[in-house]
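What follows is one structure encoded as structure tokens, with my remarks underneath.
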Amino acid sequence: MHHDEFEEALYALFDGELGPEDRRRVESHLAGCPGCRRAHARWDQISKALFKLPPPRASENFVERFMQRLDEPAEVFRFPLPLPRPRWLVPAIGFAAAVLFLSVYKNEAAVSTEDLLLANGKAGVASEWTLLAKASDKDEVLNFVLEEP
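Number 139 in this note's numbering belongs to position 144 of the sequence shown; there are no gaps in the numbering.
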């Protein structure tokens, strides 16, 4: 047996689970191993302290009450079911967020363009620029805005 096995066998020795041959081997190991002797002495003190306590006594009607509780139906805890959500709710919220984002973004860009065009005091340029906004070449529109009449 290895030292670890002897440590486990100490508890079996207290419980009376060892055969005569194993018991002799554990006792001979105890004679030569100070660590196991200390563990054996500690376990001996603990077990004596525990066994000094009187066993708990059950009340006179304990068995009767216990049997009655066995006959009673047990309460079953039921988890609340989650509320069903409509399938369209998540896509609708996403669509609404996209519309809100695009409307704020678009209005912000239009205001800044107007401010840019009207900053030079050319009120007529804004309406002409609106007509040219459909031009295929963005550089053409930019050149028109930057040119002075």
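Note that CB positions come from ideal geometry on N, CA and C, so glycine has one too. The structure presented is a predicted model; accordingly, all values stated were derived computationally and were not measured.
Per DSSP, what kind of secondary structure is residue i in: helix, strand or coil?
| i | result |
| --- | --- |
| Trp38 | helix |
| Pro49 | coil |
| Glu12 | coil |
| Phe1 | helix |
| Arg19 | helix |
| Ser98 | helix |
| Arg73 | coil |
| Arg33 | helix |
| Arg82 | coil |
| Glu59 | helix |
Using the beta-carbon count (16 or more within 10 Å), is residue i buried or exposed?
| i | result |
| --- | --- |
| Ala4 | buried |
| Val21 | buried |
| His35 | buried |
Could you check whether residue j and residue i sit closer than 8 Å to each other, using their CB atoms as the reference points?
| i | j | result |
| --- | --- | --- |
| Ser42 | Phe9 | yes |
| Cys31 | Glu2 | yes |
For residue i, collect the residues of the same chain with a Cβ closer than 8 Å to its Cβ; drop the 5 residues on either side in sequence, then sort them by chain order.
| i | result |
| --- | --- |
| Gly27 | none |
| Trp38 | Leu5, Tyr6 and Phe9 |
Excluding sequence positions up to five away, which residues of its chain have a Cβ less than 7 Å from the Cβ of residue i?
| i | result |
| --- | --- |
| Ala105 | For Ala105, the predicted structure reports a pLDDT of 46, less than 50, and the residue's modelled location is therefore unreliable. The matter cannot be settled from this model. |
| Leu13 | Ala4, Ala7 and Val21 |
| Val85 | none |
With a threshold of 7 Å (Cβ to nearest heavy atom), would residue i be considered close to the ligand ATP?
| i | result |
| --- | --- |
| Val85 | Judged by which ligands are present, the structure shown has none, so any question about the ligand ATP falls away. |
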